[in-house]
Amino acid sequence: SIPQPPKLSGLKFGLPTSTFFENIEPDVQASYDKALDLLTQAGVEFVEMQAPELSERAKLFREIVAPEFITGLGRSRFVENQSVMDPVSASRAAFGLDVDAVTHAESLQRHRELKRLAFERFVGIDAWISPTCVCLPMPIEEVNQASQLQRALIPSQNTQPANIYGICAVTTPIQHLVNANLPVGLQIMCPAGEDARLLSIGGAVANYLGEPALPLMHASAS
Numbered sequence: 006s007i008p009q010p011p012k013l014s015g016l017k018f019g020l021p022t023s024t025f026f027e028n029i030e031p032d033v034q035a036s037y038d039k040a041l042d043l044l045t046q047a048g049v050e051f052v053e054m055q056a057p058e059l060s061e062r063a064k065l066f067r068e069i070v071a072p073e074f075i076t077g078l079g080r081s082r083f084v085e086n087q088s089v090m091d092p093v094s095a096s097r098a099a100f101g102l103d104v105d106a107v108t109h110a111e112s113l114q115r116h117r118e119l120k121r122l123a124f125e126r127f128v129g130i131d132a133w134i135s136p137t138c139v140c141l142p143m144p145i146e147e148v149n150q151a152s153q154l155q156r157a158l159i160p161s162q163n164t165q166p167a168n169i170y171g172i173c174a175v176t177t178p179i180q181h182l183v184n185a186n187l188p189v190g191l192q193i194m195c196p197a198g199e200d201a202r203l204l205s206i207g208g209a210v211a212n213y214l215g216e217p218a219l220p221l222m223h224a225s226a227s
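First residue of the sequence shown? That's 6 in this note's numbering, and the numbers climb one at a time after it.
What follows is the structure, given as structure tokens:
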């Protein structure tokens, strides 16, 4: 069962820096800053933390996820159907065609090391927080071609670290704090296996920050 939401006062949140703020857009930064101001007023303590190993994110994903995706699908099936797949997804997966077994094994070993490191980073800290996504939702035409791969990867920039560290994470909307026109999220992360505590903390944060009003639906007669 999920524990009752804790009081925010006295909680200590880690503020990862490094890659979590690359490519950040103004509405996202403003919403995040406002959320931190409000949580500070609620008695939350913040501690800055560095995570330089997150620069390995792209490399590890290419060397672990891509070859395992192709293995699950079947190499010949992937090659035969690559031209009819979503171009961005196909381009991401195609990295796996050139990853050798030693490289894959080394990346898996590094993944295990990072999971151990995450436990150390959480000592004395209840949760980490960051923007969920550094950009606002993108028009599909901006991210549906293989040539747009780097832009298509931006939305997952801040969510991939949870996979890299093997931890759990939730997100709550915060765009209403500054009246942003499109969704913005606040990501909350806890150690692996602490899903119940994560949901408890996330519920407390969401209750305190409030929820955005749903847009009204207008019907017109023809």
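Virtual Cβ for every residue (Gly too), placed ideally from N, Cα, C.
Since the model is a prediction, treat every value here as computed from it, not as a measurement.
Spatial distance of residue i from residue j (CA atoms)
i: E1; j: E61; result: Shown here, the chain extends from 6 to 227; a query on residue 1 therefore has no answer.
i: V89; j: E146; result: 17 Å
i: E125; j: A157; result: 32 Å
i: A56; j: P217; result: 31 Å
i: I159; j: G215; result: 27 Å
i: G178; j: A185; result: The sequence shown places Pro at residue 178, not Gly. Distance between the alpha carbons of P178 and A185: 11 Å.
i: A155; j: S94; result: What sits at residue 155 in the sequence shown is Gln, not Ala. The straight-line gap from Cα to Cα measures roughly 12 Å.
i: S135; j: K64; result: 22 Å
i: V139; j: S152; result: 21 Å
i: V52; j: G129; result: 10 Å
i: P188; j: T137; result: 10 Å
i: A174; j: Q192; result: 7 Å
i: S14; j: L44; result: 9 Å
i: I2; j: Q87; result: Only positions 6 to 227 of the chain appear in the structure, and residue 2 is not among them; the question remains open.
i: P144; j: P31; result: 18 Å
i: L221; j: E199; result: Because L221 carries a pLDDT of 48, less than 50, the predicted location of this residue cannot be relied on, and no value is offered for it.
i: T176; j: A197; result: 16 Å
i: Q2; j: V210; result: No answer is possible for residue 2: the residues shown for the chain start at 6 and end at 227.
Bounding residues of the beta strand (DSSP E) (the contiguous stretch that carries residue i)
i: T1; result: Since the first residue of the chain shown is 6 and the last is 227, residue 1 is not available in this structure.
i: K17; result: 17 to 21
i: Q162; result: That residue, Q162, is in no beta strand (DSSP E); it is neither H nor E in DSSP.
i: L141; result: L141 -> no beta strand (DSSP E), and no H or E assigned at all.
Exposed unless 16 or more other CB atoms sit within 10 angstroms - verdict on residue i
i: R117; result: exposed
i: A226; result: Only weak support is given to the placement of A226: the predicted model assigns it a pLDDT of 43, under 50, and the question is left unresolved by the model.
i: D42; result: exposed
i: V84; result: exposed
i: V107; result: exposed
i: N212; result: exposed
i: K17; result: exposed
i: H223; result: Interpretation of H223 is limited by its pLDDT of 45, a score under 50 that renders its predicted location unreliable; the figure taken from the coordinates is listed afterwards. Answer is exposed; the Cβ neighbour count stays below 16.
i: E27; result: exposed
i: N163; result: buried
i: E50; result: exposed
i: R67; result: buried
i: Y201; result: At residue 201 the sequence reads Ala, which differs from the Tyr that was named. Its Cβ having fewer than 16 others within 10 Å, A201 is exposed.
Delimiting residues of the alpha helix (DSSP H) encompassing residue i
i: E68; result: 62 to 78
i: E111; result: 106 to 126
i: V33; result: 31 to 46
i: L214; result: 200 to 214
Residue i, DSSP secondary structure in three states
i: A132; result: strand
i: L13; result: coil
i: Q87; result: helix
i: Q153; result: helix
i: L102; result: helix
i: L182; result: helix
i: V93; result: helix
i: M222; result: Bear in mind that the predicted position of M222 carries a pLDDT of just 46, short of 50, making it too unreliable to give a figure here.
i: E27; result: coil
Minimum Cβ-Cβ distance from residue i to chain B less than 7 Å
i: G19; result: Absent from the structure: chain B. Only one protein chain is present.
Counting Cβ pairs, one atom from each stretch, are 3 or more of them under 8 Å apart for the stretch 122 to 137 and the stretch 90 to 108?
no
Are there three or more Cβ pairs, one per stretch, closer than 8 Å when the stretch 181 to 197 is compared with the stretch 26 to 46?
yes
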